Structure formats: C-alpha cells, structure tokens
Amino acid sequence: MTQKRSHDQHVTLMSPEASLTTITQRESLAAEVRKLSFWYGDTQALKEITLSIANRKVTALIGPSGCGKSTLLRSFNRMHDLYPGNRYSGEICLFPENHNLIDLDPFMVRLRIGMVFQKPNPFPKSIFENVAAGLRIQGVQNKKLLSDRVEQALRDAALWEEVKDRLSQSAYGLSGGQQQRLCIARALAPQPEILLLDEPTSALDPIATAKVEDLITEISHRFTVIIVTHNMQQAARISDFTAYMHLGKLIEFAPTGELFTTPQETLTRDYITGRFG
Amino acid sequence: MPTLPSSLSPSGPPGSPLRASERFLRRRALWGSFAGGCLLIAAASSVFVTLGIVYVLITESMGFFAQVPFLDFLTDTQWTPVFENAHFGVMTLVSATVTVAGIALAVSIPAGLALAIYLSEYARREVRETVKPCLELLEGVPTVVYGYFTLLFFTPLLQTFIPGLEGFNMLGPGIVMGIMILPYTASVSEDAMRAVPSGLREAGYALGYSRFRVAMRVVVPAAFSGITAAFILGMSRAVGETMVVAIAAGQNPNFSFNPTEGAATITAYIVQMAMGDLPHDSIAYQSVFAAGIVLFVITLTFNLIGFFLRRRFKEVY
Amino acid sequence: MMKADVPQATLPDLAGIVDANRRTDLIMAGIGILVLIVAMSLLAAVVIDLILGGWPRLINPDFYLNFPSRHPLQAGIVSAWVGTILVMLVTAGIAIPLGVGAGVYLEEYAARNWITDFIEINVSNLAGVPSIIYGLLALGLFIHGFGLGETILTAGLVLALLILPVIIVSTREAIRGIPLDLREAAYGLGADKWQTVHLYVLPAARSGILTGTIVGLARAIGEAAPVITIGALTFIAFLPPSPLQANPPFINFEWLESPFTIMPIQMFNWVSRPQAEFHINAAAAGVILMLMTLAMNGIAIWLRYHLRRQIR
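Chains as they are written, first to last, in my numbering: chain A, 436 to 712; chain B, 2 to 318; chain C, 1018 to 1329.
Right under this line is the structure:
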C-alpha cells in the first residue's frame, strides 16, 4: 500500500495488485470501481479493473487504442446497455450510498451521471433547448428554474457571454468548439454527480481545445470529472489522477504528477516515453 | 428561489444536486410502457390486415368451392357465373390477366433494363438526379387516367396501324401498363446495379472493356438477382392492375391470348361485379372472392420471390 | 526459346476495336435516352389529351359546382371532390397514427428476432398486394362482417390500409437516417426510450415522415378500385352532411356514415359511358384529379423545405 498526499485529502490509493481502499473521509471518493470486467459478446474488453474516483477531482484514463478506456468510461453511465450482447461483472459503487450502479436501472444512472462525447452532438434545437434538455427530461417545467439553470450551466461552460443574446437560435449556428462547450453545458445543467468526458477535444482545433481544458479545470472544483484522452499532455495538464490502461487491464493508477514523472510499471513508462501507442 | 417541481427532490445536504424523484421515475416508466404498447399494437395491425385478407378470401369463397368442382374451376374455358348455364373456368380470366401482363413485361423488361443500364452506367449524376423524379411522375398519375387515355387515344392510334384491333383489346392496356410500371422496374434494377461495387467494374475497364461490355458482362450478371426481383415485382403490379384494364380491355370474360381482342381480367371482373348489387349468399358474390384468391396467390408468390431476391442482393454486397 | 504463335494485335486492329466499342456505347446511350423520351412523351400525351379532351367543361364554372346528372352538359363534380376531401380526412386520420406508430416500433423498439422479420416480410408483401384485394377485404369484413355500410368511414378505412405499408416504409427510412449520436446524446442525459423517441428522434425525422405520408395520401386520392368494390355509388346527387355545425360541440360525425362518391370513381363512371359528351366530362374530371395529386406532392415538397429551416 502506498500513501499519497494530494491537496488537503488523506486518500490511500491502491496499486493494482492490492485490493484495499481505505478512506479517511467518506466524501473524498465519488465512486469506486471494484473488479469490473466487461464483455462485448464473447470478447472481454475489461479485465477486473479496480480503481477509485476522487470526489471533485479530474481523473484521466489514458492508454493506446483499444486499451478499453472508453469502454470503462461508458460503463459508468451504462451506455453499453443500449446495445445487445454486452455483459458486466464486478461493481462500480457510487458514494455516498455505496450502491453498485451496475445493479441500478440504467436510465436512472444516466440521470445522475453526465456524458460529453467525442464529436459534438447538439440537438437540432435552439441553444436554450439544448442546455435545458437534461432538465426537461427530469420533468422540470418551471420557466424560472430552467432559465436560471441554463444560464448557470452556460457560465460554467464559459459560453454564456458568447451566446446570451442568441439563446433561441439554432445550436447548429455555433462553431465546433462552441458546440462542444454547449454539449458540456448541456451535461452540466442537471448537476450530475460525475461528469464523463470521452475525448472531448479530439475533434477541436487547438484554441477551442485550450478553452475546453480551462473550463474543465474550473468546473472540477465543483464536479467530479472522468476524462478519457489519447493525448498524454492533456492528461498531464488538467488531471489530478491518471490511470494508465493497456489491453483491458489497469496497469497503473496514481496522482498525475507521480505517474508522469516516476511511473512504476514498465508498460506505463514505455507508453509515456512514446515507445508505442 | 422558485419552488421545486414535484418531479425533483433534494438529495443530500443543501447545495447537493437535485434528483428526479421516485414518483417521477415511476410515472415516466408507466408512460413509456403505455407508449410502447400502443406502438406494438400499431405494428401488429399490419399482421392483422394480412390475416383479415386471408380470412375473408377463404370464408367468402367457401360457398363457391362447395358448389363448383375444383377441376372445373381450373380447366373450364368459360367464365359465366351469373348465367343460367353457368361456367366457372377461372382460366378464362387468368388468360386475359396473363396476356396483358405479358405484353406489359415485354415492353417493360427491355425498356426498363436499357433505362437502368443507361442511368447506372452512362449517365452523369446530375442527369440521373433529374431523370429519376421525372420517372416518378409517371407513377403518380392515377390509373383511371391511364385507362381513359388508353381507351380514347391510344387504342384509336393503334387501330390506324393494326386494322383488326378491336375497340376493347389487350394490346393497348398492355403497352401503356408497360410504360406505367417503367419507373418501378427501372429504379429497382438500377438500385441493384448501383449496389455492385465499383471494384468489379474497374476490373472490367482495366481489361479494356467498353462501357457496354462492362455493363452487360460485369454489372448485369452481378446484379442479376436484383434485376430479376425488379421484374418479378413489376409482373406482380401488372397482374394486380385494375382500372386500366377495366376501362380499356373490356369486361367480357373471354378465354383468349389474342391481344387484338378484348377480355376481362381477374381484376376487371371483380370491379364489374362489385358495381352491381350482390346478395351475400349468391354464387356471383362468392365467385368474386374465388377469383380474388387466385389473384392473391399469384401476386403473393411473385412478391415473396421478389422480396427474398432483393434481400439476397442486399446481403451479397 | 520458342515463343508460342500468339497472334499479336496490331495497332490498327486495336483502333478498330475501340471504334466499334465507341459505337456500341453510343447506341446504348441512345437507346436509354430513347426509352426516356418515349416514357416522357407518354406522360405528355396523357396530360395533353386530358386537357384538350376536357377543355369545354373545364372552363365552365358549373362543372365544379354541379352534381352528376344524366345530361352530360349539366353534370358536375361537386359531390366527387367533396367526397374525396372527406374520405382523405378519414384516411389520413387512420393511416398516419397506425403507419408512423408501426414504423417507430419496428425501428426503435423491436428486437432483431423472427417476429420482427415476419412483420417486415408481411409489410413488404402488403405493399405488393393489388389494391382491389383490399377492396375485397373491406367488402367481406367491414361491410358484410362488421356491417359498416358503404360509407365514407369504410372508404377511408380501406384506403388507409392500402397506403399503410407506404407510410411504414417511409417512416422507417426517415428514422433510420437519424444518426446514432443524437440518440446517444439523449440517452446520455438520462432520457428513457419513449422520451428519446418522441422528444428527439421523431422531431428530427419529421420532414421525412411527413413527406412519405403525403406521398401515400397522394396515391390514395387516385385509387378507384378498392372504393368501387365496397360499393361507392356513382350517382350521388347530394353532399354528405358537413362535419362542422353551428351549435356546440361544433363538429359532428354524421358525415362518416354517409354514402358518397370520389373523383376517380366519377371519372371511371363517365368514361364507361358510350356517349362522347360524357367523355369530355371524364377528361375534365381527370385534369382536376391530377391537379389534386400534384397539389399534394407540391405540399410535400414545400413542407420538406419549410421544416428543414425551422428549429424549435
């Protein structure tokens, strides 16, 4: 067991071989993955992943193509359940209730966990309606509540100033970077317990990427973020904890600074130094 | 601070996220199930239609087949159910149906194939995209209009070339129907041809084939099942066509394959009978359904063959 | 080393082959264009024949407001076009919910199993069943089985069943065209299946579904065979009762039970008469019928354009 201290938390993080997680403060973990395995049909894509997600921090999942990082991410909000032939074993426990979200109703899980996709996918509706979508789905109809939440979410996504005068215009009139920030606002409006980002900047230009990275850092003070990225530098820039995955297994998990400067595993070191991937 | 809508409830300490309440989730699930149920009923309705058709055809013609020996039904060459000395040879009607459909196919197969080859292998995209909607216009014309045209314009026109042509005949409707189903046969064939991967074509061109040769030796054989499907489905449409033949081929049952004569097809007979008053238990009423069964079986066979052929060509590529 | 005696093509030979190929190509293209010309000429001939044939009655306003009559010069189409509109209302009211609903179910809800396969084959078959068989279904089941009578309701019902496959297929294609990201975005927000379908997928597929529906209705307008079979009379010298009324509740349903006639049947009736004067009426009716069909297709195109530009 290794003890790491980061910021103001006492969190004991495990290396993959150990199977203990001790928490000194219950609120400091948002979720815990315990021996999660996942199969697409007959292919096993995740092999007994065990991992802790710190509350209100950014956790990055990195690794070469096909390592299972997106698969792991999508397990958090049960997106796999939309397609037949998929199977889980193990647990993903949400705190503070410590419920295994694999056992919960997937539609219920998705109301509590938000996702932003790789390619911006706003609805063919107005900017306002896009951001309000998550709230309407939960049955909110009160105009004041909606507009307050929409404004807050757009501010969080650093988009409010740019769109406040054209909320009723189509979302498709925005640039790619703006659309992605809109999608982030849309995911934030229902105030999810965890925000999942699946390579959110890989389709964006460098300027838009920088804006998104800044806002991720900002919102991580209030939201728990898990981000999948194939860009190591991005992970190094914005995440607090990083998990390196390889062929469906979790190889190493540590606070970002340590993983990148003193990786413990050979595979991690090889990936980081660019020997493959 | 606006009050919380009943769909949300606070969870955890103040400031923590609002959560959709249990009640809301249950209500949503109920609405979802209700909606899903309604949609299922809608989908099932199509099955009920088929069942209804089969049921009606069988039950309403049972009386007919109880009275008429099946062999007579199939072999007699006269169809006069309402006369004193009644004959019930359905082949009389089938002969007319087959003749008209045959002529329609004789027109539509070469024309449709030529058109499809042209559109698929020769024409530029812009040409294809203007031509296809124009062809669709042909299909949009109501069939009564084609019937009018055939009887009052086309037949007289043909009569100037063919002296023995009667006022009601099978040639005119056949030709007009052939062109009428052209959009259908041409576009299904063309779809089949366009589905052939360009790799195959390129192999032919690389060998020095002309466009024509690539079309005839490479594309058409590769798209064969789709093209056959197009013509079988076109045949089905020709067999089922009613108004053109009812107006222009006459309503006199006549066992004949001679296109210059008029004859009532299965469909024309049904229409003719339906226009009169048919008591439910009369042999006339039942004969309509007997004829209907024959029509249904013929078109069902064609449709199924066509459906599976089309599926096959979609799968192959 | 002995080379086999393979005749080598000389350049003039090759040139000859290329020329011959070019000629066949031209002929082939020519044939294709010829077929096209013949088809379009037929269409033009039909239209011109109708307009010329019906001209005397088309320019006479009485034609549009008169009832059918034994005297050709006094016969008009008012009962026919009113009947067509009323029957179309019923057809749309039945076919659209059923057809769109079935299409949505097959695309979004149904699992890939043999039942779904069976329904698909069934729909495909129904699309190819001759329209007159639908008439027989209505005659045997609705009229003699359920006792519905030769009314607007029955006609609307049989036409709705006739165009059901068209609407189902076009709904499915419209929905299939909606990309996966839209659905994933909706599900990602926690929407359940019905919310995703009716709040996001259907509105996005709106224009395709509407276009397909109107195309189906345009077909139904011109169908005579099934409606004749249920016994629509052709000599209707009255109008069905109006659906609207002055007293509350302002709409009534008596018109559904009324006898009626429709445009294609009226035309069929007139063209079947031996007198040439009735043929003029038939041609005029044909022109109006085609205009109605054209109008529907025009509405479809306009709607498709208009909906594309509208974002809620």
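We put the beta carbon where it would ideally sit given N, CA and C, even for glycine.
Note that the structure is predicted; figures quoted are calculated from it, not measured.
Exercise. Rounded to a whole number of angstroms, what is the C-alpha to C-alpha distance between A:Ile651 and A:Arg704?
Worked result: 26 Å
Problem set entry | Contact residues within the region 25-55 of chain B, judged by C-beta distance below 7 Å to chain D | You won't find chain D in this structure, because its protein chains are A, B and C.
Problem set entry | Segments of 4+ residues assigned as alpha helix (DSSP H) that fall wholly inside the region 17-76 of chain B | 23-68, 71-76
For this session: Specify the secondary structure class of A:Arg461 as computed by DSSP and reduced to three states.
Result: In this predicted model, A:Arg461 has a pLDDT of only 44, less than 50, meaning its place in the structure is not dependable; the value taken from the coordinates is given anyway. Looking at A:Arg461 - three-state DSSP - the assignment turns out to be helix.
Exercise. How is A:Thr456 classed by DSSP in three states: helix, strand or coil?
Worked result: Low confidence applies here, because A:Thr456 scores a pLDDT of 40, under 50, leaving its location unreliable; read the following figure in that light. Here A:Thr456 sits in coil by DSSP.
Exercise. If you scan the region 463-537 of chain A from start to end, which runs of the beta strand (DSSP E) of 3 or more residues do you find wholly inside it?
Worked result: 464-475, 478-489, 493-497, 521-529
Exercise. Which runs of the beta strand (DSSP E), 3 residues or longer, sit entirely within the region 660-702 of chain A?
Worked result: 676-681, 684-690
For this session: Drop a sphere of 10 angstroms on the beta-carbon of B:Phe49, count the other beta-carbons inside from all chains shown, and report buried for 16 or more, exposed for fewer.
Result: exposed
For this session: Give a yes or no on contact between the region 630-647 of chain A and the region 604-612 of chain A, applying the rule of three or more CB pairs nearer than 8 Å.
Result: yes
Problem set entry | Check whether C:Ala1241 and C:Ile1297 have beta carbons under 9 Å apart | no
Exercise. B:Asn304 to C:Asn1269, Cα distance in whole Å?
Worked result: 42 Å
For this session: Have a look at C:Thr1101 and B:Thr93 and give me their C-alpha separation to the nearest angstrom.
Result: 35 Å
Exercise. For C:Tyr1217 and chain A, any beta-carbon pair shorter than 9 Å?
Worked result: yes
Exercise. Which residues bound the alpha helix (DSSP H) around A:Leu594?
Worked result: Here A:Leu594 belongs to no alpha helix (DSSP H), and DSSP marks it neither H nor E.
For this session: For B:Phe309, I'd like the list of residues in its chain whose CB is within less than 6 Å of its CB, leaving aside the five on either flank, ordered along the chain.
Result: none
Problem set entry | Inter-residue Cα distance where the pair is B:Ala67 and B:Phe74 | 11 Å
Exercise. Could you give the distance in angstroms between the alpha-carbon of A:Pro451 and the alpha-carbon of A:Glu564?
Worked result: Low confidence applies here, because A:Pro451 scores a pLDDT of 43, under 50, leaving its location unreliable; read the following figure in that light. Looking at the two C-alpha atoms, the distance is approximately 43 Å.
Exercise. Where do the N-terminal and C-terminal ends of the alpha helix (DSSP H) with B:Met92 fall, by residue?
Worked result: 92-118
Problem set entry | Simplified DSSP state of C:Asp1209, which is helix, strand or coil | coil
Exercise. Taking just the CA atoms, how far does C:Met1045 sit from B:Tyr123?
Worked result: 9 Å
For this session: Name, please, each residue of chain A whose Cβ falls closer than 8 Å to the Cβ of C:Ala1222.
Result: The contacting residues do not exist; C:Ala1222 stays about 11 Å from chain A at best.
For this session: Going by CA-CA distance only, name the one from A:Leu517, A:Arg513, A:Glu532 that's closest to A:Ser524.
Result: A:Arg513
Problem set entry | Pairwise C-alpha distance: A:Glu596 and A:Ala645 | 17 Å
Problem set entry | Cβ neighbours of B:Ile176 in the same chain (closer than 6 Å, five flanking residues each side left out) | Val108
Exercise. Is any beta-carbon of chain B found at less than 9 Å from that of A:Gly574?
Worked result: yes
For this session: Work out the CA separation of A:Leu631 and C:Ile1013 for me, nearest whole Å.
Result: This structure gives no information on residue 1013 of chain C, because the portion of chain C shown stretches from 1018 to 1329.
For this session: Could you name the residues of the region 1107-1122 of chain C whose beta carbon sits closer than 9 Å to any beta carbon of chain B, in the order they occur along the chain?
Result: Pro1114, Leu1115, Gly1116, Val1117, Gly1118, Ala1119, Gly1120, Val1121, Tyr1122
Exercise. For B:Leu166, which of helix, strand or coil comes out of DSSP?
Worked result: coil
For this session: Output yes or no for whether 9 Å exceeds the beta carbon distance between C:Ala1222 and C:Gly1239.
Result: no
Exercise. Beta carbon of A:Gly569, beta carbon of A:Ala622: below 9 Å?
Worked result: yes
Problem set entry | Cβ pair C:Leu1181, B:Ser190 closer than 9 Å | no
Exercise. Exposed or buried, what is B:Phe154 when buried is set at 16 or more other beta-carbons lying within 10 Å of its beta-carbon?
Worked result: buried
For this session: Determine the chain A residues that contact C:Leu1176 at a beta-carbon separation under 7 Å, and present them in chain order.
Result: In chain order: nothing, as chain A lies at least about 33 Å away.
Exercise. Hey, which unbroken runs of the beta strand (DSSP E) at 3 residues or more fall wholly within the region 628-663 of chain A?
Worked result: 629-633, 659-663
For this session: List the residues of chain A whose Cβ lies closer than 8 Å to the Cβ of C:Asp1198, in chain order.
Result: Phe552, Lys554, Asn556
Problem set entry | Close-in-space but distant-in-sequence residues of the same chain around B:Leu72 (CB under 6 Å, 5 per side omitted) | none
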